[in-house]
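For the sequence shown, the numbering used here assigns the number 12 to the initial residue and increments by one for each residue that follows. Virtual Cβ for every residue (Gly too), placed ideally from N, Cα, C.
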Amino acid sequence: MSAPPSRARTDAPAFAATMPAGYRASFGLEEISKHAEVAASRGAAPTHVDVCRAEDGAPSCLCVVAQDAPGMLPKISAALVAHDIDIVSADVFRRMAAGGEPELVDVLQVRRASDPSRALDAGVEQLVAQTLARLVEEHAPLDAVRPPPSVRPAPRGAYDVTFRFEDDDAAGTTTLSIEATDSPGLLLVVTRALFRADLQIVGLRASTREGTVIDRFELSERDGKPVQGARRFELQTALLAAIEDARSGAPADPDL
């Protein structure tokens with residue numbers, strides 16, 4: 012993994028101008044400046060990970076900036092799961108970086124998966140960065156990284172999940188909303204299933220409230236068209252199967 016470039020003063024307004032309107036409405040100048048700094052620090056590397064916010068020295072918010080490529084979000088999710096990190100909320104945006112390169116900017120509120128009452132260790136972002144580099148630069152399969160034994164298993168018993176599709180005619184995309192009982196690694200399961208379906212994730216807003224996960228994926232087909240017709244039913248079936256397989260402990264297909 013190449014060393015990140017030295018940090019330079021960044022132009023937060025110019026960075027914000029390359030981001031979707033939803034981003035500019037969600038973050039203040041100080042946060043935007045930090046995200047711009049992380050993006051600038053990526054340089055020519057495919058990915059960069061840094062801490063956005065820490066509480067008493069423990070990371071509570073991570074920013075991951077990466078070249079947009081098929082399968083990138085599942086790889087980011089897997090790198091987090093591998094280091095006992097649970098995502099409390101996620102905001103993922105796609106922008107065009109310098110030179111016209113598509114780039115993902117992920118802002119992640121995080122906690123320890125095995126024991127949310129314990130803070131994450133200082134420096135955990137470096138471990139995530141190393142694992143993500145292994146997945147992206149060395150093309151290691153997702154199955155090569157696994158959660159530590161301390162991570163709690165998926166809860167048994169009743170499990171609720173609902174799906175809703177909405178079209179954004181102005182953006183030409185489809186929003187898939189998923190509301191489900193929270194379980195470890197759920198975002199990895201869903202993003203992996205979306206990758207298998209050959210869909211492009213343009214944006215994501217995810218949150219956890221009282222044991223329920225609410226994910227809103229902005230999706231398009233690879234040709235830029237919205238997800239329509241029978242394709243929606245196929246996707247819903249594939250997502251349900253992936254979630255059930257994960258809860259039963261069935262191994263995932265080595266597709267990444």
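- Here the alpha carbon of Ala140 sits roughly 11 Å from the alpha carbon of Ala77.
- Annotation for Arg35: Ala27 place their beta carbon closer than 7 Å to its own, counting only its chain and skipping 5 residues before and after.
- Per the C-alpha coordinates, the member of Gln239, Ala182, Leu251, Leu215 positioned closest to Val116 is Leu215.
- Between the C-alpha atoms of Met107 and Ala252 there is a straight-line separation of about 34 Å.
- With 16 or more neighbouring CB atoms inside 10 Å of its own CB, Glu136 falls in the buried class.
- The C-alpha of Gln120 is placed about 26 Å away from the C-alpha of Glu255.
- Selection Leu131, Ala47, Val238, Val200 evaluated against Glu114 yields Ala47 as nearest (Cα-Cα).
- Rounded to the nearest whole angstrom, the C-alpha separation of Ser128 and Asp234 is 44 Å.
- The beta carbons of Leu143 and Ala93 sit no closer together than 7 Å.
- Taking the CA atoms as reference points, Val118 sits about 11 Å from Ser37.
- Assignment of alpha helix (DSSP H) within the stretch 66-127, counting only whole runs of 4 or more residues, yields 83-92 in chain order.
- Leu198 and Ala101 do touch by the CB rule: their CB atoms are close to 7 Å apart, below 8 Å.
- The count of Cβ pairs closer than 8 Å, one atom from the stretch 193-210 and one from the stretch 176-184, stays below three, leaving the stretches out of contact.
- As for any beta strand (DSSP E) of minimum length 3 sitting wholly inside the stretch 172-257, the runs are 172-179, 184-192, 210-220, 223-232, ordered along the chain.
- In this structure, Ala204 sits near Leu250, with a CB-CB distance shorter than 7 Å.
- In the three-state reduction of the DSSP assignment, His150 falls in the coil class.
- Across the set Arg207, Gly222, Ala208, the C-alpha of Gly222 shows the shortest separation from the C-alpha of Pro195.
- Contact between Leu146 and Lys86 holds: their C-beta atoms lie close to 4 Å from each other, under 8 Å.
- Judged by DSSP secondary structure, Ala50 falls within the alpha helix (DSSP H) whose first and last residues are 40-53.
- Ranking Ala208, Leu230, Glu149, Pro152 by CA distance to the CA of Asp179 puts Leu230 first.
- Approximately 33 Å separates the beta-carbon atoms of Arg105 and Asp67; this is outside 8 Å, ruling out the contact.
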